[in-house]
Each structure stands twice: as C-alpha cells, then as structure tokens.
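Notes follow the structure.
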Amino acid sequence: MATTALPGLRKVAAELLTPLGWMSGTLHVPSHLPLEEHLAFGRQDLKLTAVTVPDEPDRLRFLALRREMVLVLAPAVADDVPAASPFSAPRQVACLLPSGILRGTLEVFMNLRLSDQLHQQGPTVTLRRCLLTPYGATANSAGARSLHTAVLNLSRVIGIAEDG
C-alpha cells in the first residue's frame, strides 16, 4: 500500500545509526526545512515510518525515535542535504564514534580552523564521501560501510580530528 506524506511534509528515506545498530526507514520532514535543520532544531522525536530494527523480522509501521539516540543519519539521496557553500573549503576529518571511526569531507568556512568551526556549529555536522569502519579496520574489512552523506549528532561524537 503506497503512502503519501502529510500536507507540508516530504519523505526522506534514510539509514540511522543508533545504540541498537543500523535502522532504516522514512523520515517525515517539513517541506520548508532542509534535512540538517530539521535534525538540528526539530522536536524531541524523529517521526519514521516503515522502520527496520536490527534483528527484528518485521518492519514497524511507525516509530517516534528519540533524536538524541541517533549517532549518524545517512539519507538515501544526497540531494536531501544542501550543497557546499562557495565560502567554504573541504577538509578531511575523522570522527571518533563509540563503534568505529567515520572519515569524510567536512565543509569548513574559509580561513577558519576546524576547532573554531565546531565551536560555532549547531548540534549536527554533515560529512560527504564517508567511510565508517570499526577501529583498526580498512575500507575492505568486514563491517566497513561507505556513505555518500552522513549527518552526525555532535553530542554523540567522542571527538573530531583533521585527517590528512
């Protein structure tokens, strides 16, 4: 049965890394907000439909997922996150997460140090061309995962370093 988003909402298919592991589902995002703003400044719960939960055979029709429980959100389509600004430059970073290291490209304002950017940043950061691996693993290791876009919840990140 096909479903449609409620008026004023758009659907965004995504994978979400939580303390339970990777979930997937469809987020319902206000049409007037970019995904990153919705994640950073929305209400406490993220509204998801058709949700897969690790090790569960059936999808959940609806889940109100606590926003602070999301470590990484990876939209299925890269266009769901705004493009880089002409006033920024790409920097390779490594983000330490409880379950592994996420390497990717972060847009940082020109002539700004990474630490200053993070100090001014809201509760999320968006990385592009990412690779998530368990600690000590490589891109070819079991458990390695490529993501075209990853929105990180900074309150759940252990640390961020320049990588390279």
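With numbering that gives the first Met the number 0 applied, the sequence shown corresponds to residues 0 to 163, in that order. Each residue gets a CB set at the ideal place from its N, CA and C atoms; glycine is no exception. Note that the structure is predicted; figures quoted are calculated from it, not measured.
Can you tell me whether residue i is helix, strand or coil according to DSSP?
i: L153; result: helix
i: A1; result: Caution is warranted here: a pLDDT of 43 is assigned to A1, below 50, making its placement in the model unreliable, and the coordinate value is therefore given only provisionally. Here A1 sits in coil by DSSP.
i: E161; result: strand
i: M68; result: helix
i: L34; result: helix
i: F61; result: strand
i: G93; result: One point to set straight first is that residue 93 is Ala, not Gly, in the sequence displayed. A93 falls in the strand class under three-state DSSP.
i: A75; result: coil
Which residues in the same chain have their Cβ closer than 6 Å to the Cβ of residue i, if we skip the five residues on either side of it in sequence?
i: S23; result: E14 and T51
i: P20; result: Residue identity differs from the one stated: residue 20 is Gly in this sequence, not Pro. Excluding sequence neighbours, G20 sits near P53.
i: I159; result: V92 and C94
i: L16; result: L70 and V71
i: T25; result: K10, A12, T48 and A49
Please work out which residues of its chain come closer than 8 Å, Cβ to Cβ, to residue i, disregarding the five sequence neighbours upstream and downstream, and give them in chain order.
i: N110; result: none
i: H31; result: G7
i: M0; result: Its pLDDT being 39, under 50, M0 is placed unreliably in this model, and the coordinates cannot settle the point.
i: D44; result: A63, L64, R65 and R66
Can you give me the start and stop residues for the beta strand (DSSP E) that residue i sits inside?
i: G24; result: G20 to P29
i: R9; result: L8 to T17
i: D44; result: D44 to T51
Looking at residue i and the ligand SAH, is the gap between the Cβ and the nearest heavy atom below 7 Å?
i: L64; result: No copy of the ligand SAH appears in this structure; indeed no ligand is present at all.
Mind the definition here: the stretch 53-69 touches the stretch 134-147 only if three or more C-beta pairs lie below 8 Å; say whether that holds.
-> Taking a cut-off of 8 Å on C-beta distances, the stretch 53-69 does not touch the stretch 134-147, as fewer than three cross pairs fall below it.
Are the stretch 87-98 and the stretch 51-58 in contact at 8 Å, needing three or more beta carbon pairs?
-> no
Could you tell me whether the stretch 117-124 touches the stretch 150-161, using the rule of 3 or more Cβ pairs below 8 Å?
-> yes
Scan the stretch 98-158 and note each continuous alpha helix (DSSP H) run of 4 residues or more that stays entirely inside, going in chain order.
-> You should have 113-119.
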